[in-house]
Amino acid sequence: MSDTRENNQAPQGREGFTESKGGPIIPKSPTEALRPEKVPSPPKRSRKAHSQLVIFLNFLMTLVVAVCIIAIAGFYYMLNSFHEAGPLETNTTITVRNGAGLAEIASNLERSGAISNARIFRLMADKYLAGGQTPKPGEYEIKARTSMKDILALLESGKSILYSVAMPEGLTVKQMFARLAAEPVLEGNLPAELPAEGSLRPDTYPFTRGTRREEVVDQMRVAQSRLVQAIWERRDPDLPLKTIEEFVTLASIVEKETGKDDERGHVASVFYNRMKKNMRLQSDPTIIYGLFGGEGKPSDRPIYQSDLQKETPFNTYIIRGLPPHPIANPGRAALEATANPWRTDDLYFVADGSGGHAFAKTLDEHNANVRRWRKIEAEKAAAGGTPEGVVDGQPAGSQAERPATNN
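Following numbering that gives the first Met the number 0, the numbering of the sequence shown begins with 0 at its first residue and continues without gaps.
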């Protein structure tokens with residue numbers, strides 16, 4: 000029976016036919032021909048291999064999720080650290096040198112106690128700053144508890160600590176240079192050659208640490224040049240002055256004669272009136288400059304009567320007209336008063352004992368004013384004060400100059 004069964008299960012050949020072993024091809028029945036042939040099943044994967052793949056995929060997915068969670072948590076930690084109040088207990092200063100990079104700045108901030116983590120500051124700064132931009136050099140004050148974000152904004156703004164040097168009206172160039180030399184925050188040397196007297200503008204000049212002294216001098220020179228030119232262009236056309244240099248020279252004398260804004264124009268008118276009458280100016284500050292130059296008179300050194308006759312190019316008790324150059328650096332008020340003085344007939348003035356001056360048209364009026372001033376000085380001396388050595392203003396009596404009778 001086994002042989003018969005094997006013979007009956009002949010192999011299949013072309014579609015629709017059955018091929019028997021060693022025998023003829025037997026056609027299939029229509030039903031068999033339409034029935035799809037069976038494809039052998041692939042070999043089954045072992046349970047062990049399937050289990051390892053699932054474990055690997057689960058591990059990989061878990062790792063990805065963990066990394067994402069850590070990254071997100073780390074980002075929010077950095078973001079929170081960047082915005083929260085800083086560790087600084089008290090205000091401090093930090094200097095950002097020119098050319099310093101973020102790594103150096105962050106390290107300095109951490110070392111000074113202004114931030115808690117230099118790496119976070121550097122990473123967040125890279126995110127916040129525009130491409131290629133770095134904090135601006137300078138010296139910055141960082142207040143207590145300032146956040147990293149606010150520190151970065153401060154460094155990016157360039158609002159570094161501003162210092163200033165005050166140059167009052169009436170200082171000489173040498174006196175201004177002495178003030179600049181004494182400023183420890185400024186750097187570099189002063190110009191080897193002194194600028195011309197009267198060429199530097201009295202004002203308060205702000206600067207940052209590291210500013211060079213020559214830069215401040217240049218600012219002062221440019222500012223004075225612009226100011227003088229602008230005021231000179233709107234001067235009274237009747238002034239007896241020929242050049243802008245003469246204008247600054249007379250303004251410097253007005254500056255040194257009075258510190259009261261409300262009488263500078265009056266003082267200037269006296270000098271103009273005397274110039275028009277060819278009278279000597281007889282100004283005490285010109286004597287002082289002739290004797291002591293740009294160094295200035297020592298505070299404990301009075302002007303003696305003998306000083307009035309010492310011959311110097313600046314002594315307007317001797318020379319007629321103006322000195323060869325300014326005796327100080329005049330400020331705006333003195334320049335404005337000299338460019339547009341009061342219109343008066345006064346030829347004399349003397350201190351009135353209250354910080355101002357008494358003015359007079361005639362020598363007799365002036366002599367009376369001088370007598371009042373001397374009485375005030377005598378009372379001051381009796382009370383233990385220090386009287387002036389000479390008259391503060393034009394001299395009186397025989398030393399005073401009268402206008403020519405033909406004027």
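For each residue, glycine too, the CB sits at the ideal point set by N, CA and C.
Specify, as a first and last residue, the run of the beta strand (DSSP E) that H356 falls within. Residue mapping note: residue 356 aligns to position 357 of the sequence shown, counting from 1. H356 -> beta strand (DSSP E) spans H356 to A359.
Identity of the residue in K379, P394 and A381 nearest N368 by Cα: Numbered from 1 along the sequence shown, position 369 holds the residue referred to as residue 368. Measuring from the Cα of N368, the nearest candidate turns out to be P394.
Going by beta-carbon coordinates alone, are G293 and V247 separated by less than 8 Å? Start at 1 with the first residue of the sequence shown, and residue 293 comes out as number 294. Start at 1 with the first residue of the sequence shown, and residue 247 comes out as number 248. Contact flag unset, no.
Closest to G137 by C-alpha separation, out of A382, A181, H324 and G209, would be which residue? Stepping through the sequence shown from its first residue, residue 137 is reached at position 138. Closest by alpha carbon: G209.
If you count every other CB in all the chains shown that lies within 10 Å of the CB of D261, and 16 or more means buried, which is it? Taking the sequence shown and counting its residues from 1, the one referred to as residue 261 is at position 262. By the 10 Å Cβ count, D261 comes out exposed.
Does the segment 171-190 come into contact with the segment 302-310, if we say contact requires no fewer than three beta-carbon pairs (one atom in each stretch) closer than 8 Å? no
State yes or no: is the C-beta of D202 within less than 8 Å of the C-beta of N339? As a position in the sequence shown, residue 202 is number 203, starting the count at 1. As a position in the sequence shown, residue 339 is number 340, starting the count at 1. Taking 8 Å as the Cβ cut-off, D202 and N339 do not qualify as a contacting pair.
Enumerate, from N- to C-terminal direction, the unbroken alpha helix (DSSP H) stretches of 4 or more residues contained entirely within the segment 242-316. 243-256, 260-275 and 283-291
Report the partner residues of P205 according to the DSSP bridge assignment. Your numbering for residue 205 matches position 206 in the sequence shown. Answer by DSSP bridge pairing, in chain order: S163.
Are the beta-carbon atoms of G85 and M147 separated by less than 8 Å? Locating residue 85 in the sequence shown gives position 86, where the first residue counts as 1. Locating residue 147 in the sequence shown gives position 148, where the first residue counts as 1. Yes. Within cutoff.
Tell me, which residues are paired with A350 by DSSP? As a first step, residue 350 is located in the sequence shown; it is residue number 351 there, counting from the start. A350 is bridged to H356.
Could you give the first and the last residue of the continuous alpha helix (DSSP H) run that contains E364? By 1-based counting over the sequence shown, the position of residue 364 is 365. Unbroken alpha helix (DSSP H) run through E364: L362 to A381.
Test item: CB-CB of R211 and E186 under 8 Å: Counting from 1 along the sequence shown, the entry for residue 211 is found at position 212. Counting from 1 along the sequence shown, the entry for residue 186 is found at position 187. Yes, they are a contact pair.
For L362 versus L226, is the C-beta distance shorter than 8 Å? For the purposes of this step, residue 362 is taken as the residue at position 363 of the sequence shown. For the purposes of this step, residue 226 is taken as the residue at position 227 of the sequence shown. Cβ atoms of L362 and L226: not closer than 8 Å.
Which partner residues does V227 have in the DSSP bridge list? Within the sequence shown, the letter at position 228 stands for residue 227. Bridge partners of V227: none, in fact.
Quick one: measure Cβ to Cβ for R121 and L101, integer angstroms, because I've assumed they're closer than 8 Å. Looking up residue 121 in the sequence shown gives position 122. Looking up residue 101 in the sequence shown gives position 102. Their Cβ separation, rounded to whole angstroms, is 5 Å, which keeps R121 and L101 in contact under 8 Å.
Rounded to whole angstroms, how far is the Cβ of L87 from the Cβ of I54, which I believe are closer than 8 Å? Counting from one through the sequence shown, the residue named residue 87 turns up at place 88. Counting from one through the sequence shown, the residue named residue 54 turns up at place 55. So it is not a contact: roughly 51 Å between Cβ atoms.
Are the Cβ atoms of V184 and Y204 separated by less than 8 Å? Numbered from its first residue, the sequence shown carries residue 184 at position 185. Numbered from its first residue, the sequence shown carries residue 204 at position 205. Not in contact: V184 and Y204 (Cβ atoms no closer than 8 Å).
Can you grab the Cα-Cα spacing for the pair R233 / N314, in whole Å? Locating residue 233 in the sequence shown gives position 234, counting from the first residue. Locating residue 314 in the sequence shown gives position 315, counting from the first residue. Cα to Cα, the separation comes out at about 30 Å.
For T94, which three-state DSSP category applies? As a first step, residue 94 must be located in the sequence shown, where it is residue number 95. It is a strand residue.
Extent of the continuous beta strand (DSSP E) run through I326: Within the sequence shown, residue 326 is the residue found at index 327, counting from 1. Counting along the chain, I326 falls outside any beta strand (DSSP E), and DSSP gives it neither H nor E.
Touching by the beta-carbon criterion (3+ pairs, under 8 Å), the segment 319-329 and the segment 276-290: yes
Residue range of the alpha helix (DSSP H) that includes I150: For this step, residue 150 is matched to residue 151 along the sequence shown. I150 -> alpha helix (DSSP H) spans M147 to S156.
Between P297 and L346, which are expected to be in contact by the criterion C-beta below 8 Å, what is the C-beta distance as a whole number of angstroms? Counting from 1 along the sequence shown, the entry for residue 297 is found at position 298. Counting from 1 along the sequence shown, the entry for residue 346 is found at position 347. So it is not a contact: roughly 31 Å between Cβ atoms.
Simplified DSSP state of E400, which is helix, strand or coil: What you label residue 400 is simply residue 401 of the sequence shown in a count that begins at 1. E400: coil per DSSP, three-state reduction.
Rounded C-beta distance between Y127 and S159? I'm assuming under 8 Å. In the sequence shown, counting from the first residue as 1, residue 127 sits at position 128. In the sequence shown, counting from the first residue as 1, residue 159 sits at position 160. With 8 Å as the limit, Y127 and S159 do not qualify as a contact, their Cβ atoms being about 19 Å apart.
Whose C-beta lies closer than 6 Å to the C-beta of M274 among residues of the same chain, with five residues either side of it excluded? Residue 274 sits at position 275 when you count from the first residue of the sequence shown. Cβ within range, chain order: P239.
Report all residues from its chain with a CB closer than 7 Å to the CB of R96; omit the five preceding and five following residues, and keep chain order. Here residue 96 corresponds to residue number 97 of the sequence shown, with the count starting at 1. Counting only Cβ-Cβ distances below 7 Å, and skipping sequence neighbours, we find P136.
Residues in the same chain with beta-carbon distance under 6 Å from A195, minus the five sequence neighbours each way, listed in chain order, please. Counting from one through the sequence shown, the residue named residue 195 turns up at place 196. Correct list: empty, nothing qualifies.
Using the rule of at least 16 other Cβ atoms within 10 Å of the residue's Cβ for burial, across every protein chain shown, is Q308 buried or exposed? Translated into positions along the sequence shown, residue 308 becomes position 309. Exposed, because fewer than 16 other Cβ atoms sit within 10 Å of the Cβ of Q308.
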